[in-house]
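A.B. asks:
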Amino acid sequence: MSRMNLLQAVNNALDTAMAADERVLCFGEDVGVFGGVFRATSHLQEKYGRERCFNTPLVEQGIVGFANGLAAQGSTPVAEIQFADYIYPAFDQIVNETAKFRYRSGNLFDVGGLTIRAPYGGGIAGGHYHSQSPEAYFAHTPGLTVVIPRNPHQAKGLLLASIRSPDPVIFFEPKRLYRASVGEVPDEDYELPLRQAEVVKEGNDITLLAWGAQMEVIEQAAEMAEQEGISCELIDLRTIVPWDIATVTDSVLKTGRLVVSHEAPLTGGFAAEIAATVQSRCFLYLESPVERVTGLDTPFPLTLEKEYLPGPLKVFDAIHRSMNF
Amino acid sequence: MSRMNLLQAVNNALDTAMAADERVLCFGEDVGVFGGVFRATSHLQEKYGRERCFNTPLVEQGIVGFANGLAAQGSTPVAEIQFADYIYPAFDQIVNETAKFRYRSGNLFDVGGLTIRAPYGGGIAGGHYHSQSPEAYFAHTPGLTVVIPRNPHQAKGLLLASIRSPDPVIFFEPKRLYRASVGEVPDEDYELPLRQAEVVKEGNDITLLAWGAQMEVIEQAAEMAEQEGISCELIDLRTIVPWDIATVTDSVLKTGRLVVSHEAPLTGGFAAEIAATVQSRCFLYLESPVERVTGLDTPFPLTLEKEYLPGPLKVFDAIHRSMNF
Amino acid sequence: MTTTRSAAKTVHAPAFTNGDDIHIPLFTLLKPDGKPYAGGATISLDEEKARRVYRAMLYTRILDERMMAAQRQGRLSFYMQCTGEEAAVIGSTAALKDDDMILAQYREQGALAYRGFTTDEFMDQLFGNERDPAHGRQMPIHYGSRALHYQTISSPLATQIPQAVGYAYGQKLAGTGNCTLTIFGEGAASEGDFHAALNMAAVHKVPVIFLCRNNGYAISTPVAEQFAGDGVAARAFGYRMQSIRVDGNDILAVFEATREARRLAVEHNEPVLIEAMTYRLAAHSSSDDPSGYRSKKEEEAWRKKDPLARMQRWLLDRGWWNEEEERELTETLRREVLETMKKAEKRRPPALGTLVSDVYAETPPLLAEQLRELEAHIQRHPDAYPKSAPWLNEEGGSAREESRA
Amino acid sequence: MTTTRSAAKTVHAPAFTNGDDIHIPLFTLLKPDGKPYAGGATISLDEEKARRVYRAMLYTRILDERMMAAQRQGRLSFYMQCTGEEAAVIGSTAALKDDDMILAQYREQGALAYRGFTTDEFMDQLFGNERDPAHGRQMPIHYGSRALHYQTISSPLATQIPQAVGYAYGQKLAGTGNCTLTIFGEGAASEGDFHAALNMAAVHKVPVIFLCRNNGYAISTPVAEQFAGDGVAARAFGYRMQSIRVDGNDILAVFEATREARRLAVEHNEPVLIEAMTYRLAAHSSSDDPSGYRSKKEEEAWRKKDPLARMQRWLLDRGWWNEEEERELTETLRREVLETMKKAEKRRPPALGTLVSDVYAETPPLLAEQLRELEAHIQRHPDAYPKSAPWLNEEGGSAREESRA
Ligand SMILES: Cc1ncc(C[n+]2csc(CCOP(=O)(O)OP(=O)(O)O)c2C)c(N)n1
Ligand SMILES: Cc1ncc(C[n+]2csc(CCOP(=O)(O)OP(=O)(O)O)c2C)c(N)n1
Ligand SMILES: [Mg+2]
Ligand SMILES: [Mg+2]
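This is the structure in structure tokens:
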């Protein structure tokens, strides 16, 4: 066990993966000598050479196109997109190519080896273009797996599982937690299961569901609620798609109430999918409507970031709305 | 009034818009001499000259980037993307630029003049890449307006309204109806309201909601249901975002039941947003869960297209599920 | 630190240049009449390979004729011809090792024919029947073959170009001495992915060959509306990449150029751009009618440059082919295509379970549930689903597909 | 139909070329010591404009110093310097008409300074206060000005390049005789949007000037890992576009090149690519530390080529400037920046209603509802929202913003 922050855990996972399998390659803008603008790939070029860890030209569609080809060839590329906000130039390569590679060829070819990493989310005074949470775009794309860790332990275990998954994975790292989230991380090689939500805390009155940096937020809200005697069950979705419906619905069947929270705008965010599924599968058990606590339907702002973000108090208010419905 | 098909109505709308305002320009791949692969821009180059109707090089990100600049300059570009499946190379220009242009500049600059047209949807044996319904990707993007017509009359009126709207609009045309949908269309210049759903048929027992080519499908399902004495209220959403929540919830408050249908995959499709909103706003009035009848969570197939698509029988089954819950 | 190679030389007057003084010659070995140019490079295509190439060209021509006819008869939903561009496609493929990877656009069935894709394989894909390895998921002509090192075609243009660079990078690390060939149209070369790919290939020095089929049109858009530059070859300078322009209807020139390109790629990790000047003799696809955008006269002029006829004359001259063989092969192939088609179009559609398999390596529960619901639905309305209902009960539903996996 | 200009010339041996024989000279007028090269082109920068240019350069330098210091003191969240590249940015801007449109990347505050963006305007944006026209929605340095024909900066790289082409196309149709200048880094030139833009500009013949600031780095990535070609200028050949490479630290060369480029653009609708060779003397941004990827020695070498010092020497030599003026102006500007900053950082944050305005021309009901709920929420927890709560009651909630609209 070592104490490390989320960034170090990502770096450690990459190091572990590269040491274990020489087909693993890390590349992207500034990931070489510099080790990435956040330093997630620090020292990897030194350790594994320029052929396995390198800078690319500044072209996201090229990075993912190149990575698709490498994965098809049998390598295990881990491509970094510097910020999730800059993943869109690669949207075609991801949505039309990565996601459909195996299906369209009847499994003659696949890009299962591919992992795309990108820092995402707000709370760092980044404005429109350094704060976005684009998970819902990818969640609407069959063939993709989207994974988001909430702490260093998860970051290492889920990233290793993502790299080794037989499916292409988009791995969004909550950049607000890069240095803020610190914890014990096993030194050895380990994987945490994909496609499985984690019940972080059991409770009886209401289920709170989130992922990534938003887990901290619902935890704080839960603490406030517990002080009022409201017992909260906390679930971390971890894999956004394909998502673990059973864990979520089991919880809601028990508590009868659900609050889902994410930073992305409300309309068409992934909370909508969760609410739609839960209202369908738990209809007779729901005591109140599924509450969504999300970003506003606007681009991500700067000065009024706090007002925009679904902080603990907003979740707390939603718990009240749900309890007092 | 003239009898025309949906394609002719689109052409007529473009002609009307170009005749009325010389700032209106139409361009895209093959839209010039050839008039577009579907012929939506037929004769426009002849009539308005090569400067106002022209072919572009084969580069969607360039087409939309160019169109963004033109709109910022004060022109009224109507850019064609040959198939909605090929809009993704332009995703960054649309999601990071078009959608945020006004907001990020505090209204110093805007691209309100922009309209992006693209044929979308399945049912024409087009497989993965000539069948997609990507509306949900754009619906999760504040700043965009997404409009989909269901027949020639709407196509003309909504397209004219889109071109003249002060906001950028993505206008998806159901290509399966291009020639199949025929009807009376006023010869004069007219606009139909954006952001307003249309109650196509009133009914009491259940609300059926769809848009575009899927309207035909729910109409057929409604006919089957009516034969069993189930009275269906039919709503055409028309503008996907910003969507007309009030019309939909008013209807559900009355009927207590809702089936939403779209061709795109289930997970993260726009029906999720509708279900999430409706369960929240009509909680105590819902007699049964909101039903979603959609494509499967797979890429769009070819040989088994009929099996994939949410046809009238699938909607009919959903009506039964809803009625017998 | 110098940021450019030539920054050292300075001038003191603002001299603009658009490169008009750079001339890219056209490499050609065979005259239109099939005679080699005097003093041309040595021809390294031997008899065996020449016959294999020609056979593939003839096969492709016949396949295209038959299938376009089938499309016109309504037996096939869609088709695209290679007609006129067989030399560019097959000549380049023939210069590779058979296990070099190819990532093509869609008009390159000749490459598959050369490598031995069987008529059954063509037909099963075209008809999307239960023997199509991709289970009838894609439109006709979206072939792929793992055995023949030919990536499954995907319709979005140019996406395969950066993929080819990544593939080649992997080959370089693997050290097998292979390279990757990617083929695309001059229209596709306008996409952002083209720029990304060429730049990355040059920076990372990968064994990739970019072959642009400049056939004059992207659907209806003539090259003059596609770019203002001197074709696509001229773009290579911007990346400091080796490039050559060849007569794409001259099988020998294409072959020799690609042979040399492969040497540069594999021995020196130098990516190469080849621009093959050719012409799309047929319509863009079965959905297209070129009379709206180009003249019969122009088509006729190019028909005279038919690469198949040119190669045939060369072969006949060398005594490597004769009219009797031509007649016989033509007839055999026609019959083979026709008969295979008849069988393929009657084959069953893919099993219902193939709708959901291969989306992920392992089908997630929600998708499995969607399949079960679909099965139940079809069982309730069997008449509405003639393609899938008949087999459902007989074969125990999704079991049929699951047993495949 | 010919698909290329030079296809006529044929060769019969496979000759590859990578363009190494093409040499792009560097246009320069001022020696590093501020003396013009003998026999150089006529200098058309007159005294008035020269002083305006220099003032803007000095202003930019001072602004950058002060604001980076403010960032280090924690008063500002983020900053980016133009330092070292003032000549490239301001020299090109000065060669335009003041109502030509500029679409820049983010490091071009000098262009705004030249056009008269006030210190108040800079500060209000940097501090995202209630006087920022963009209502504090974007990170510092994302300036924009409708009055000064300068599009609001957006962080995604290269997106402005095809937009500039569209803008210029609109100008051409409008017939006002204006052009568009777009400025971007050599890193951004790797994006697909760059290729799209240059190709479209050449095909559609629009009055646009592409100015690439080749400053050696994209964050930590040196040009050698960005491209293998001869800088960015060499790419113009691929589009048959006029291009020139200039010493970006030489104000006169940049000015003359852009003047001529503007003439080509406006009079002949010829797009032009200018590559300005320069160096980013400072860190990439306040978040960056270049010591991890480049040497002090390299930085020092470039510091000696400082464009500001070079222009100053030239001005002094001409008697168009003197040390006294320099001292005075420096002091005045420093004070102005400091004092304006002090006021700006104390100004109120934007009104809460600005969170939702401008998403659409008219705020949709759902968004208006979201604002109302947010107001109610803040009113329940005023202590948690120190930026917005204090003003809410005082000003009647969203009324404050609505009254603006
Ligand atoms: C990204 C994308 N945009 C548009 C299309 C539609 N489309 C299919 S083929 C084609 C023209 C391609 O021309 P070219 O690359 O020259 O190839 P050719 O057909 O001439 O062989 C177009 C526009 C597509 N398939 N993909
Ligand atoms: C699409 C996109 N990808 C990545 C980034 C992150 N990023 C910001 S600046 C930068 C480097 C830009 O280098 P260059 O274009 O040379 O400009 P310079 O900073 O040298 O002026 C990068 C990678 C971005 N802003 N946008
Ligand atoms: Mg072509
Ligand atoms: Mg740079």
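Chains as they are written, first to last, in the working numbering: chain P, 1 to 325; chain B, 1001 to 1325; chain F, 2001 to 2405; chain D, 3001 to 3405.
All residues carry an ideal CB built from backbone N, CA and C; glycine is no exception.
Remember, predicted model here, so these are calculated numbers, not experimental data.
(1) Who are the neighbours of F/F2210 on chain D, taking C-beta pairs under 8 Å?
(2) Say whether the segment 2120-2138 of chain F touches the segment 30-46 of chain P, bearing in mind that this needs 3 or more beta-carbon pairs closer than 8 Å, one atom from each stretch.
(3) Is the beta carbon of F/R2245 within less than 8 Å of some heavy atom of ligand 3?
(4) Could you pull the start and end residues of the beta strand (DSSP E) that B/L1234 belongs to?
(5) Can you determine whether any heavy atom of ligand 2 sits closer than 8 Å to the C-beta of D/D3250, and answer yes or no?
(6) Counting only Cβ pairs nearer than 8 Å, list the residues of chain D close to P/A125.
(7) Run down chain F in chain order and give the residues with a C-beta less than 8 Å from the C-beta of B/P1077.
(8) Can you name the residues of chain P whose CB is closer than 9 Å to the CB of B/G1062?
(9) Look at the Cβ atom of F/S2436, then the Cβ atom of F/F2078, and state whether they are nearer than 9 Å.
(10) Using a beta-carbon distance below 9 Å, is P/S162 in contact with chain F?
(11) Kindly indicate which three-state DSSP category F/R2404 falls into: helix, strand or coil?
(12) Near B/I1094, which residues of its chain fall below 8 Å by C-beta distance, leaving aside the five closest residues on each side in sequence?
(13) What is the DSSP secondary structure of F/A2201, counted as helix, strand or coil?
(14) Three-state secondary structure (DSSP) at F/M2446?
(15) Run through the segment 235-291 of chain P for me and flag every whole beta strand (DSSP E) of 3 or more residues, listed as ranges in chain order.
(16) Who are the Cβ neighbours of D/I3043 in its own chain at under 6 Å, not counting the five residues just before and after it?
(17) Could you work out which residue in F/L2181, F/N2215, F/T2118 and F/G2039 is closest to F/R2263 when comparing CA atoms only?
(18) At least one CB of chain B closer than 9 Å to the CB of D/P3133: is that the case?
(19) Could you check the C-alpha separation between F/G2192 and D/Q3160 for me, to the nearest Å?
(20) Pick out whichever of F/K2009, F/T2010 and F/A2015 has its Cα sitting closest to the Cα of D/S3243.
(21) With respect to 8 Å, is the separation between the Cβ of B/D1167 and the closest non-hydrogen atom of ligand 6 below this value?
(22) Which same chain residues, not among the five before or five after B/V1252, have their C-beta less than 6 Å away from its C-beta?
(23) Taking a cut-off of 7 Å, which residues have a beta-carbon closer than that to any heavy atom of ligand 4, in chain order?
(24) For B/A1221, which three-state DSSP category applies?
(25) By a C-beta neighbour count over all protein chains shown, 10 Å radius and 16 as the cutoff for buried, is B/F1325 buried or exposed?
(26) Are the CB atoms of B/Y1120 and B/E1173 within a distance shorter than 9 Å?
(27) List, in order along the chain, the chain D residues whose C-beta lies closer than 7 Å to that of P/F34?
(28) Can you name the start and end residues of the beta strand (DSSP E) that D/D3247 belongs to?
(29) In angstroms, rounded to a whole number, what distance separates the CA positions of D/G3084 and F/G2231?
(30) Tell me which residue opens and which closes the beta strand (DSSP E) that P/E184 is part of.
(31) Can you tell me which residues form a DSSP beta bridge with B/R1150?
(32) Would you please verify whether the beta carbon of D/E3362 is less than 9 Å from any beta carbon of chain B?
(33) Can you tell me whether P/A19 is buried or exposed, with buried defined as 16 or more other CB within 10 angstroms of its CB?
(34) Taking 8 Å as the cut-off, does the segment 3214-3222 of chain D touch the segment 23-36 of chain P (at least 3 CB pairs, one atom from each stretch)?
(35) Within the segment 5-37 of chain P, note down every full alpha helix (DSSP H) run reaching 4 residues or more, in order along the chain.
(36) Is the closest heavy atom of ligand 1 to the C-beta of B/F1083 under 8 Å?
C.D. replies: Let me lay it out:
(1) Taking the third sequence and counting its residues from 1, one reaches residue 2210 of chain F at position 210. Correct list: empty, because the minimum Cβ distance to chain D is about 13 Å.
(2) With contact defined as three or more Cβ pairs closer than 8 Å, the segment 2120-2138 of chain F and the segment 30-46 of chain P are not in contact.
(3) Working through the third sequence from its first residue, we reach residue 2245 of chain F at position 245. Every heavy atom of ligand 3 is 8 Å or more from the Cβ of F/R2245, so no.
(4) On the second sequence, position 234 is the one that residue 1234 of chain B refers to. Element bounds for B/L1234: C1232 to D1236.
(5) What you label residue 3250 of chain D is simply residue 250 of the fourth sequence in a count that begins at 1. Not under cutoff, so the answer is no.
(6) Reading the first sequence from its first residue, position 125 is the one you call residue 125 of chain P. Against chain D, a Cβ distance below 8 Å from P/A125 picks out S3077, F3078 and M3139.
(7) Numbered from its first residue, the second sequence carries residue 1077 of chain B at position 77. Those do not exist, as B/P1077 stays about 18 Å from chain F at its closest Cβ, beyond 8 Å.
(8) In the second sequence, the residue the question calls residue 1062 of chain B occupies position 62. Residues of chain P passing the Cβ test: none, with the nearest at roughly 12 Å.
(9) No information on residue 2436 of chain F is available, as it lies outside the stretch 2001 to 2405 that chain F covers here.
(10) Here residue 162 of chain P corresponds to residue number 162 of the first sequence, with the count starting at 1. Between P/S162 and chain F, the shortest Cβ-Cβ separation is not below 9 Å.
(11) Here residue 2404 of chain F corresponds to residue number 404 of the third sequence, with the count starting at 1. Confidence at F/R2404 is low in this model, with a pLDDT of 42, below 50, so its placement is unreliable and the value that follows should be read with caution. Here F/R2404 sits in helix by DSSP.
(12) What you label residue 1094 of chain B is simply residue 94 of the second sequence in a count that begins at 1. Cβ within range, chain order: V1064, I1087, I1116, F1138, T1141, L1144 and I1170.
(13) The residue labelled residue 2201 of chain F in the question sits at position 201 within the third sequence. F/A2201 falls in the helix class under three-state DSSP.
(14) Look at the range of chain F in this structure, 2001 to 2405, and you will see that residue 2446 of chain F is not part of it.
(15) DSSP runs (the beta strand (DSSP E)) wholly in the segment 235-291 of chain P: 239-241 and 258-265.
(16) Position 43 of the fourth sequence holds residue 3043 of chain D. Non-local beta-carbon contacts of D/I3043 in its own chain, meaning distances under 6 Å to residues more than five positions away in sequence, involve L3252 in chain order.
(17) By one-based count along the third sequence, residue 2263 of chain F stands at place 263. For the residues F/L2181, F/N2215, F/T2118 and F/G2039, the minimum Cα distance to F/R2263 belongs to F/L2181.
(18) Looking up residue 3133 of chain D in the fourth sequence gives position 133. Chain B, which has a Cβ nearer than 9 Å to the Cβ of D/P3133, makes this yes.
(19) As a working note, residue 2192 of chain F is residue 192 in the third sequence. As a working note, residue 3160 of chain D is residue 160 in the fourth sequence. For F/G2192 and D/Q3160, the distance between alpha carbons rounds to 15 Å.
(20) As a first step, residue 3243 of chain D must be located in the fourth sequence, where it is residue number 243. D/S3243 has its Cα closest to that of F/A2015, out of F/K2009, F/T2010 and F/A2015.
(21) Ligand 6 is not among the ligands present in this structure, which contains only ligand 1, ligand 2, ligand 3 and ligand 4.
(22) Here residue 1252 of chain B refers to the residue found at position 252 when the second sequence is read from its first residue. T1207, L1258, V1278 and C1282.
(23) Taken from the N-terminal end onward, the list reads D/G3185, D/E3186, D/G3187, D/R3213, D/N3214, D/N3215, D/G3216, D/Y3217, D/A3218 and D/R3280.
(24) Position 221 of the second sequence, counting from 1, holds the residue named residue 1221 of chain B. B/A1221 sits in a helix when the DSSP states are folded into three classes.
(25) Here the question's residue 1325 of chain B lines up with position 325 in the second sequence. Residue environment for B/F1325: exposed (fewer than 16 other C-beta atoms within 10 angstroms of its C-beta).
(26) The count along the second sequence starts at 1 and reaches residue 1173 of chain B at position 173. The count along the second sequence starts at 1 and reaches residue 1120 of chain B at position 120. It is a contact, given that the beta carbons lie within the stated cut-off.
(27) Position 34 of the first sequence holds residue 34 of chain P. Taking the beta carbon of P/F34 as reference, the chain D residues within 7 Å of it are S3220, G3292 and Y3293, listed in sequence order.
(28) Locating residue 3247 of chain D in the fourth sequence gives position 247, where the first residue counts as 1. Counting along the chain, D/D3247 sits inside the beta strand (DSSP E) bounded by residues Q3242 to D3247.
(29) The residue given as residue 3084 of chain D occupies position 84 in the fourth sequence. The residue given as residue 2231 of chain F occupies position 231 in the third sequence. If I take the Cα positions, the gap works out to 38 Å.
(30) In the first sequence, the residue the question calls residue 184 of chain P occupies position 184. It spans V182 to V185 - the beta strand (DSSP E) in which P/E184 sits, taken as one unbroken run.
(31) As a position in the second sequence, residue 1150 of chain B is number 150, starting the count at 1. In the DSSP output, where bridge partners are listed per residue, B/R1150 has none listed.
(32) As a position in the fourth sequence, residue 3362 of chain D is number 362, starting the count at 1. Interface residue, yes.
(33) Locating residue 19 of chain P in the first sequence gives position 19, where the first residue counts as 1. Exposed.
(34) Yes, the segment 23-36 of chain P touches the segment 3214-3222 of chain D.
(35) The segment 5-37 of chain P contains these whole alpha helix (DSSP H) runs: 6-20.
(36) As a working mapping, residue 1083 of chain B is identified with position 83 in the second sequence. At a cut-off of 8 Å, the beta-carbon of B/F1083 counts as near ligand 1: some heavy atom of the ligand is closer than that.
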